[in-house]
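Everything on this sheet refers to the single structure shown next.
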Amino acid sequence: MEHSRIAIVIGTKAELIKTFPIMLELQKQKKDYWFISTGQHPLSNISKELGVKKPDFVLSKEPEISTKFWSRINHNSFIWNISMVFKIRELVKKLKPKYVIYHGDTMSTTDAAVGSSKIFNFWNKTWKNVHLEAGLRSGNLIEPFPEEISRQISDRFSDILLAVSDGTEQNLKKYKNIKEIIKVGNTVIDSVQITYNKSKKKNKKKKEEFVLINIHRHEHLRSKKNMKKIIKILGQVKIKGIWPLHDNTRRYLEKYGLMGEVNKMKNIDVTPLKDYEEFTFLMANCKYLIMDGGSIQEESLIFKKPCLILRNCTERQEGLTTGINFLSKLDVDYSKKIIEQIEDNKLKTKNFKNPYGEMGVSKKIVEILI
């Protein structure tokens with residue numbers, strides 16, 4: 017098998033979910049690649065589920081639970097980040113790839129961007145580093161935190177910026193004289209289609225209508241006030257709800273004494289986390305979504321599912337123009353209005369073209385790099 021000389025640095029499950037179609041495309045073309053895990057999340061099991069190889073290198077001990085840092089930015093996370101920059105730097109210097117790719121806006125993304133950049137490698141840098149999903153901006157440095165800062169650092173330290181939409185390409189224009197900016201679309205479209213096609217063979221549709229819930233944002237978990245508002249919003253749901261609960265989220269709900277309020281909501285089933293395949297199937301078949309994440313906003317557009325976004329601002333600005341993504345700003349009355357419109361089938365929607373592109377983004381990216 018020929019080697020592509022591409023090194024792919026991944027830290028979290030979400031990054032891998034959006035990057036695995038590129039890995040599959042390389043495998044399809046019989047081109048090997050280096051899979052580097054920072055150890056921020058455990059990735060071996062999900063790699064198998066997604067059909068890609070396990071990491072070739074794991075740069076820190078993977079956590080046994082779903083995450084390493086419990087939504088805390090503290091001394092330990094700071095030390096881990098600094099050490100990761102140097103570990104990535106040394107490994108990349110040893111491998112001498114043609115490209116170093118990293119995705120998104122996590123701590124691992126920033127570490128990969130900085131560790132593989134010119135500033136940390138001076139005269140001996142022979143590779144180009146590539147930021148996948150570049151250009152997203154919420155316009156607020158502290159929401160989402162630290163992701164908004166992370167994505168701006170990653171864009172600044174990268175050689176090639178792969179934008180996901182017209183809007184993100186515009187956001188990157190200030191770099192046009194010093195970086196290569198290419199609008200390619202979002203790999204999440206490939207991720208969802210590949211995964212949903214597999215999930216249909218294993219899962220059965222539920223007979224009753226339901227809302228799918230996902231809450232895990234750091235800025236919410238660290239705020240009892242925000243979590244109280246979120247619980248009040250969830251209390252407006254009348255149909256069945258399915259809530260796969262993150263370790264982090266449960267921990268903070270219990271800390272704030274709010275888990276009892278959740279348990280009183282008899283129409284909402286709190287479940288363990290679902291694997292991506294089952295979660296994708298649930299997204300495809302729910303009536304609507306209530307969530308505070310990023311990628312789910314994009315996935316809601318693919319399945320054309322209304323989505324109530326539990327945030328004050330979003331970096332997925334294009335979704336707000338489609339008529340099915342609603343930014344709640346944690347306003348209980350506004351959220352109640354949207355929930356009632358959806359559940360009573362009174363929401364008027366329009367046809368829209370997905371602003372993040374069509375199937376085949378990953379193949380396009382591989383063709384550009386190869």
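Those letters in the sequence shown? Residues 17 to 386, by my numbering. Note that CB positions come from ideal geometry on N, CA and C, so glycine has one too.
- 7 Å or more divides the Cβ of N370 from the Cβ of L305.
- Between the alpha carbons of Y268 and K44 lies a distance of about 43 Å.
- Distances from the alpha-carbon of T365 to those of G373, N328, K321 and V382 put K321 closest.
- If you check the CB distance, I176 and L188 do not come in under 7 Å.
- Note that the stretch 119-130 touches the stretch 169-184; at least 3 beta-carbon pairs, one per stretch, sit closer than 8 Å.
- The residues K46, K47 and D48, in chain order, have a CB closer than 8 Å to that of E18 in the same chain once the five nearest residues on each side in sequence are set aside.
- Where T125 is concerned, the enclosing alpha helix (DSSP H) starts and stops at M123 to G131.
- Membership of V348 in the alpha helix (DSSP H) is indicated by the continuous run V348 to E359.
- DSSP assignment within the stretch 202-234 yields the following whole alpha helix (DSSP H) runs of 4 residues or more, N-terminal first: 204-215.
- P58 sits buried, since 16 or more C-beta atoms from the chains shown fall within 10 Å of its C-beta.
- For K109, there is no enclosing beta strand (DSSP E); the enclosing alpha helix (DSSP H) covers residues H91 to L111.
- Under the three-state reduction of DSSP output, F51 falls in the strand class.
- With contacts defined as CB atoms closer than 7 Å, I284 and G257 qualify as a contacting pair.
- In the DSSP annotation of this structure, the continuous segment of the alpha helix (DSSP H) that includes P37 starts and ends at K29 to K44.
- The Cβ neighbour count for I158, taken over all protein chains shown within 10 Å, is under 16; the residue is labelled exposed.
- Counting C-beta atoms within 10 angstroms of its own C-beta, E374 has fewer than 16 neighbours from the protein chains shown and is therefore classed as exposed.
- In terms of Cα proximity to K141, the closest of K110, P160 and L250 is K110.
- Within the same chain, and ignoring the five residues on either side of K345 in sequence, the residues whose Cβ sits closer than 6 Å to its Cβ are N328.
- Taking the Cα of K223 as reference, the smallest distance to any Cα among E235, L298 and K195 is reached at L298.
- With a 10 Å radius around the Cβ and a threshold of 16 neighbouring Cβ atoms, F94 comes out exposed.
- Note on geometry: alpha-carbon atoms of Y191 and T287 lie some 44 Å from one another.
- Approximately 5 Å separates the beta-carbon atoms of S378 and I38; this is inside 8 Å, confirming the contact.
- Here DSSP, grouped into helix, strand and coil, assigns T287 to strand.
- S60 sits exposed, since fewer than 16 C-beta atoms from the chains shown fall within 10 Å of its C-beta.
- Counting other Cβ atoms within 10 Å of its Cβ, D206 reaches 16 or more and is therefore classed as buried.
- At a Cβ-Cβ threshold of 7 Å, L152 and E314 do not count as neighbours.
- Burial of N341 is indicated by the presence of at least 16 other C-beta atoms within 10 angstroms of its C-beta.
- In this structure, the alpha-carbon of N202 lies about 12 Å from that of I33.
- S174 sits close to N145, with the two beta carbons spaced by under 7 Å.
- For K244, same chain residues with a beta-carbon under 8 Å away, outside a window of 5 residues either side, are Y272 and L274 in chain order.
- Between C302 and L228, the C-beta spacing is below 7 Å.
- For I325, the enclosing beta strand (DSSP E) covers residues C323 to I325.
- If you compare the alpha carbons of G55, I24, F295 and L326 with that of K216, the shortest gap goes to F295.
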